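Colleague:
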Amino acid sequence: MDLDTWRALPAAQQPDWPDRGELDKVVAELGGLPPLVFAGECDQLKEQLAAVARGEAFVLQGGDCAETFSGATADNVRQKLKTLLQMAIVLTYAGRVPVVKIGRVAGQFAKPRSKGTETRGGVELPAYRGDMVNGFDFTPEARRPDPWRLLKAYHSSAVTLNLARAFTKGGYADLRQVHAWNQDFVGESPAGRRYEQLAREIDQALAFMRACGADPEEFHTVEFYSSHEALILDYDQALTRIDSRTGLPYDVSAHMVWIGERTRQLDGAHVEFFSKIRNPIGVKLGPTTTPEEALALIDKLNPGNEAGRLTFITRMGASKIREHLPALVKEVTATGARVAWICDPMHGNTFEAPSGHKTRRVDDVLDEVAGFFEVHRSLGTHPGGIHIEFTGDDVTECVGGGHEIGETDLATRYETACDPRLNRSQSLDLAFRVAELYRG
Ligand code: PEP
Ligand code: MN
């Protein structure tokens, strides 16, 4: 299998590495390092996503817009997982379907940018492209792309994934414990009080099972998967290995990888590279996507019509989803294509506050998810999941939500390295609201 065919095609959003020789050294070193995930695990996730495509499961995918090397700490990863697991329980109960848990973690270190440079106070420097490429500080040294950062991204991913595996397999993810955290949220926060009824029902279900003596293994550990936007193709190719079981190539830097809105050109390098790997993959679809483009992506990326292989992650914006999504879903469904549909209610809803902070309104996020459910319900298709940017900390990056963060509060705790994330309480609020939508 020739994995180099993408090199002959235009590759959008690649860094301008100052020294190709250094890049080659890094790529050679990455090529000799152990896989971060196993091909068999990727297949397992693909099976679960096949259930999503059939309407039998729901995806919860989320994490930072951009992970940072300094953010790979035990506290940080634990808080994020805790929030994700809390959301997942609420969705599992409300939807009565398995929730496939996928982090935007352990590899989400590269960012596409709409502008190649950033200007501050009359000084123009290369834009920050994620810790995998350059530094966040606004200095010429930091902003210079450094290929050795790819290696650091690998090690940082390994550390994060190790923590995630330990937390999800080592007892921390116990269902009753996670439910108890949700009860704290419901009891303590103004946003949570609306959900007393739902939390009580979950409590009763757990009490019933306890009384029956049911204590299955599934209550104590969870399956958790990693994902990132595979943007820097030299990195993802260097971590692609031939699976000894099947002889097929898998990108073993993450279980699932996706193509972003800015790199999904049909004749571009990213689509070509993704057509060669066997992982479950996603493609972001923005409001300008035509049904023809979506169908051509299916032809190229999933010619065998394998369920679970391809997920479309729509990110239309709250004001556009009801208008743009129906034609896509209708035409794709009419061809018999097996895809999973999930909703990214973040990236179509970004705006700049008067303070200059990039932000999003929680109400817009909720409205896009509501629109996503409405469209799928009216077409008889399955609203297969949500893809969000969130953190387990009490940051002030998105406005609205239970604690009513206003535009003037954004500076209080604005810590993202890229896009604004839902904080812990906004994320839990979202989970309960999606649960309400699920119940109809
Ligand atoms: C992202 O997921 O952070 C991102 C850049 O999304 P999109 O490609 O949809 O703009
Ligand atoms: Mn983002």
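Just so we're aligned, residue 51 is where the sequence shown starts under the working numbering, counting upward by one.
Ideal Cβ positions, reconstructed from N, Cα and C, are used throughout, including at glycine.
Only a predicted model underlies this, so the values are computations on that prediction, with no experimental measurement involved.
On a Cα-Cα basis, can you pick out the residue from 475, 450, 174, 219 that is closest to residue 191?
Modeller: Along the sequence shown, read from residue 1 onward, the residue named residue 191 stands at position 141. It is 174 whose Cα lies nearest to the Cα of residue 191.
Colleague: Does the beta-carbon distance from residue 435 to residue 228 come in below 7 Å?
Modeller: Counting from one through the sequence shown, the residue named residue 435 turns up at place 385. Counting from one through the sequence shown, the residue named residue 228 turns up at place 178. No, Cβ-Cβ distance for residue 435 and residue 228 is not below 7 Å.
Colleague: Would you check if the distance between the CB atom of residue 276 and the CB atom of residue 155 is smaller than 7 Å?
Modeller: Numbered from its first residue, the sequence shown carries residue 276 at position 226. Numbered from its first residue, the sequence shown carries residue 155 at position 105. Going by C-beta atoms, residue 276 is nearer than 7 Å to residue 155.
Colleague: With distances taken from each beta carbon to the nearest heavy atom of the ligand MN, which residues come in below 5 Å, in chain order?
Modeller: Going by the Cβ distance cut-off, the answer is 115, 469.
Colleague: Is it buried or exposed for residue 406, if we count other Cβ within 10 angstroms and need 16 for buried?
Modeller: Taking the first residue of the sequence shown as 1, we reach residue 406 at position 356. Classification for residue 406: exposed.
Colleague: DSSP three-state label for residue 308, please.
Modeller: The sequence position of residue 308 within the sequence shown is 258, counting from 1. DSSP places residue 308 in strand when its eight states are reduced to three.
Colleague: Residue range of the alpha helix (DSSP H) that residue 320 falls in?
Modeller: Reading the sequence shown from its first residue, position 270 is the one you call residue 320. Residues 319-326.
Colleague: Taking one C-beta from the segment 116-128 and one from the segment 291-305 each time, how about it: are there three or more such pairs within less than 8 Å?
Modeller: At 8 Å Cβ cutoff, the stretches do not touch.
Colleague: So, with DSSP's three-state summary, where would you put residue 410?
Modeller: Here the question's residue 410 lines up with position 360 in the sequence shown. Residue 410: strand per DSSP, three-state reduction.
Colleague: DSSP three-state call for residue 433: helix, strand or coil?
Modeller: Counting from one through the sequence shown, the residue named residue 433 turns up at place 383. Residue 433: coil per DSSP, three-state reduction.
Colleague: Does residue 170 come out as helix, strand or coil in the three-state DSSP assignment?
Modeller: Looking up residue 170 in the sequence shown gives position 120. The answer is strand: DSSP assigns residue 170 an E or B state.
Colleague: If we ignore side chains and look at the alpha-carbon of each, how far apart do residue 447 and residue 64 end up?
Modeller: Within the sequence shown, residue 447 is the residue found at index 397, counting from 1. Within the sequence shown, residue 64 is the residue found at index 14, counting from 1. Between residue 447 and residue 64, the C-alpha separation is close to 28 Å.
Colleague: For the beta strand (DSSP E) containing residue 278, name the first residue and the last one.
Modeller: Here residue 278 corresponds to residue number 228 of the sequence shown, with the count starting at 1. Residues 274-279.
Colleague: Under three-state DSSP, which class holds residue 494?
Modeller: Residue 494 is absent from the model: the chain starts at 51 and stops at 490.
Colleague: Measure the C-alpha to C-alpha separation of residue 465 and residue 106 and round it to an integer number of angstroms.
Modeller: Mapped onto the sequence shown, residue 465 falls at position 415. Mapped onto the sequence shown, residue 106 falls at position 56. Straight-line Cα distance between these residues: approximately 37 Å.
Colleague: Among 393, 475, 409, 95, which residue has its Cα nearest to the Cα of residue 461?
Modeller: Position 411 of the sequence shown, counted from the start, is the residue given in the question as residue 461. If we check each option's Cα against that of residue 461, 409 comes out closest.
Colleague: If residue 473 and residue 444 are in contact, beta carbons under 8 Å, what's the gap, nearest whole angstrom?
Modeller: On the sequence shown, position 423 is the one that residue 473 refers to. On the sequence shown, position 394 is the one that residue 444 refers to. Confirmed, Cβ separation roughly 5 Å.
Colleague: Quick check on the DSSP output: what are the complete alpha helix (DSSP H) runs of length 4 or more inside the segment 353-413, in order along the chain?
Modeller: Counting only runs of 4 or more, we get 371-384.
Colleague: Would the segment 320-340 and the segment 278-285 be scored as touching if the rule is three or more Cβ pairs under 8 Å?
Modeller: Cβ pair count under 8 Å is three or more, so yes.
Colleague: Measure the C-alpha to C-alpha separation of residue 274 and residue 218 and round it to an integer number of angstroms.
Modeller: Counted from its first residue, the sequence shown places residue 274 at position 224. Counted from its first residue, the sequence shown places residue 218 at position 168. Roughly 7 Å between the two C-alpha positions.
Colleague: Does the segment 188-205 come within contact of the segment 342-349, defined as at least 3 CB pairs closer than 8 Å?
Modeller: Too few Cβ pairs lie closer than 8 Å, so no.
Colleague: Exposed or buried, which one is residue 187 when buried takes at least 16 other CB atoms within 10 Å?
Modeller: In the sequence shown, counting from the first residue as 1, residue 187 sits at position 137. Exposed, by the Cβ-count rule.
Colleague: For the alpha helix (DSSP H) that residue 256 lies in, which residues bound it at each end?
Modeller: Residue numbering aside, residue 256 sits at position 206 when the sequence shown is read from its first letter. Looking at the DSSP string, the run of the alpha helix (DSSP H) that includes residue 256 is 246-262.
Colleague: What does the Cβ neighbour count give for residue 310, buried or exposed, with the cut at 16 atoms within 10 Å?
Modeller: Within the sequence shown, the letter at position 260 stands for residue 310. Residue 310 is buried by the Cβ-count criterion.
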